[in-house]
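Colleague:
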Amino acid sequence: MCAKLSFTPLEISAETPVCIGVALDEDLDGWMEAALPYVTDQERAHAERFVHLIDGVRHLVGRALVRKTLKTVVRPYEVGDFLSTQYGRPYSDQTDIDFSISHSGAWVWAAFSRKGQIGIDIEKVRKLRDLLGMAKMFHPQEIAEIQAVPENERPAYFYRCWVRKEALLKANGEGLSKPLDSFCVYTDERRNDWINTDATPEMKGWFTQDLAVGEGCFCSVAVTAPVKEIFVLQVKN
Ligand SMILES: CC(C)(COP(=O)(O)OP(=O)(O)OC[C@H]1O[C@@H](n2cnc3c(N)ncnc32)[C@H](O)[C@@H]1OP(=O)(O)O)[C@@H](O)C(=O)NCCC(=O)NCCS
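Using numbering that gives the first Met the number 0, count along the sequence shown one by one with no gaps and you end on 236.
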């Protein structure tokens, strides 16, 4: 068996959602090979339509991470197509375990929860020419926080805001159809509890956490239910 994507089977209890991340190296053909046993023909065809090989590989590895994990905790599990909500959120009708996928740069992450819905987002930091212009789509309180810090600190505030909001959108499942100024997160450095529930009372009780994934990347997870902790695994290759 290929050494890539090999990890010890995980428990996913109702109390402890799980996040698994892999960092792709340059051996993209090897990653493709490792993912193929866990993906469908439809996903392979989708991956082939990307212009850049890396985008297709990220898609396949994300889907493979989910199926490989589900296979160890859901029995019997068939590698079938995922279904998709009207907003494009993938899910499986073979289990009540909710999952979310995110990829950026070399990272591919998947998150799983038996309680509520889960969302994960990772972003590799890029140089932004018009950070304040882009921030205009955020909630007024988030914009004020980003504007209030010195210029050299703004990228971190911006990206934290971005991945936290995306994690919430992906947990919620509405994707970008939910206006970005209709809910609010804190943008300063804090590991947990970063939803501004004064501005967004409907998200009270949700679990939130930032994951430390290394320099140059920001990553956040949100669960639409009150869990105590999450288990985080970075698969080494
Ligand atoms: C699709 C979206 C949910 C996330 O996209 P993204 O951050 O560009 O990409 P990510 O890698 O984090 O996530 C993509 C994965 O999300 C999943 N996804 C797609 N639609 C989804 C939805 N409505 N809800 C939850 N997950 C969704 C899929 O698994 C997809 O990967 P796959 O097709 O390879 O399986 C959507 O929010 C989007 O288009 N965002 C664009 C970025 C943006 O402008 N963000 C605003 C800043 S807050």
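Here a beta-carbon is modelled for each residue, glycine too, at the ideal position from N, C-alpha and C.
#1: Using only the alpha-carbon positions, how far apart do M0 and P8 sit?
#2: Within this structure, are the beta carbons of I121 and W106 separated by less than 7 Å?
#3: Let me check one thing: in DSSP terms, what residues is C183 bridge-paired to?
#4: Taking the straight line between their C-alpha atoms, what separation do you get for W193 and I11?
#5: Could you please give the first and the last residue of the uninterrupted alpha helix (DSSP H) stretch that includes N71?
#6: For G55, count the other beta carbons within 10 Å of its own beta carbon; 16 or more makes it buried, fewer makes it exposed. Which is it?
#7: Is there a C-beta anywhere in chain C that falls below 7 Å from the one on D120?
#8: How should R48 be labelled, buried or exposed, when 16 other C-beta atoms within 10 angstroms of its C-beta is the threshold for buried?
#9: Would you call the segment 217-230 and the segment 11-24 touching, i.e. three or more CB-CB distances under 8 Å?
#10: If distances are taken between C-alpha atoms only, which option among V21, L82 and D180 comes closest to C160?
#11: By DSSP's criteria, Q208 is part of a beta bridge. Which residues make up the other side?
#12: Can you give the Cα-Cα distance for Q233 and G20, rounded to whole angstroms?
#13: Suppose you measure from the CA of C183 to the CA of S219; what does that come to, to the nearest Å?
#14: Say yes only if the C-beta of K164 is nearer than 6 Å to one or more non-hydrogen atoms of ligand 1, and no if none qualify.
#15: Are there 16 or more other CB atoms within 10 angstroms of the CB of Q85, so buried, or fewer, so exposed?
#16: Would you list the residues sitting across from C18 in a DSSP beta bridge?
#17: Indicate the three-state DSSP secondary structure (helix, strand or coil) for G115 in the structure shown.
#18: Does DSSP put H102 in a helix, in a strand, or in coil?
#19: Just checking my contact of S91 with L69 at CB under 8 Å: how many whole Å lie between their CB atoms?
#20: Confirm the yes/no value for this check: CB of H51, any heavy atom of ligand 1, distance under 6 Å.
#21: Helix or strand or just coil, what does DSSP make of M0?
#22: Heavy atom of ligand 1 less than 6 Å from the Cβ of H138, yes or no?
#23: Is the closest heavy atom of ligand 1 to the C-beta of S101 under 6 Å?
Modeller: To lay it out plainly:
#1: The sequence position of residue 0 within the sequence shown is 1, counting from 1. The sequence position of residue 8 within the sequence shown is 9, counting from 1. Note that M0 scores 45 on pLDDT, short of 50, meaning its location in the model is unreliable; the coordinates nonetheless yield the value given after this. Approximately 15 Å, taken between the alpha carbons.
#2: Counting from 1 along the sequence shown, the entry for residue 121 is found at position 122. Counting from 1 along the sequence shown, the entry for residue 106 is found at position 107. Contact: yes.
#3: One-based indexing of the sequence shown puts residue 183 at position 184. Answer is none; C183 lacks a bridge partner.
#4: As a position in the sequence shown, residue 193 is number 194, starting the count at 1. As a position in the sequence shown, residue 11 is number 12, starting the count at 1. Looking at the two C-alpha atoms, the distance is approximately 24 Å.
#5: Start at 1 with the first residue of the sequence shown, and residue 71 comes out as number 72. Asn is not the amino acid found at residue 71; the sequence shown has Thr there. Where T71 is concerned, the enclosing alpha helix (DSSP H) stretches over L52 to V72.
#6: The count along the sequence shown starts at 1 and reaches residue 55 at position 56. When all chains shown are included, G55 counts as buried.
#7: Structure shown: chain C not included; a single protein chain is present.
#8: Walking along the sequence shown from the start, residue 48 turns up at place 49. That one is exposed.
#9: yes
#10: Here residue 160 is taken as the residue at index 161 of the sequence shown, counted from 1. Per the Cα distances, D180.
#11: On the sequence shown, position 209 is the one that residue 208 refers to. Q208 is bridged to N191 and V220.
#12: Here residue 233 refers to the residue found at position 234 when the sequence shown is read from its first residue. Here residue 20 refers to the residue found at position 21 when the sequence shown is read from its first residue. Approximately 5 Å, taken between the alpha carbons.
#13: For this step, residue 183 is matched to residue 184 along the sequence shown. For this step, residue 219 is matched to residue 220 along the sequence shown. Cα to Cα, the separation comes out at about 14 Å.
#14: The sequence position of residue 164 within the sequence shown is 165, counting from 1. For ligand 1, at least one heavy atom lies less than 6 Å from the Cβ of K164.
#15: Within the sequence shown, the letter at position 86 stands for residue 85. Answer is exposed; the Cβ neighbour count stays below 16.
#16: To locate residue 18, count along the sequence shown from 1; it is residue 19. Answer is A110 and V231.
#17: As a working mapping, residue 115 is identified with position 116 in the sequence shown. Three-state result, G115: coil.
#18: The sequence position of residue 102 within the sequence shown is 103, counting from 1. H102: strand per DSSP, three-state reduction.
#19: Counting from one through the sequence shown, the residue named residue 91 turns up at place 92. Counting from one through the sequence shown, the residue named residue 69 turns up at place 70. Going by Cβ atoms, the distance from S91 to L69 rounds to 7 Å, so yes, they are a contact pair.
#20: The residue given as residue 51 occupies position 52 in the sequence shown. It does not: the Cβ of H51 is nowhere closer than 6 Å to a heavy atom of ligand 1.
#21: Along the sequence shown, one-based indexing puts residue 0 at 1. With a pLDDT of 45 at M0, under the threshold of 50, the modelled position of that residue is not reliable, and no figure is offered here.
#22: The residue labelled residue 138 in the question sits at position 139 within the sequence shown. Not so, every heavy atom of ligand 1 lies at least 6 Å from the Cβ.
#23: Numbered from its first residue, the sequence shown carries residue 101 at position 102. Yes, the Cβ of S101 comes within 6 Å of a heavy atom of ligand 1.
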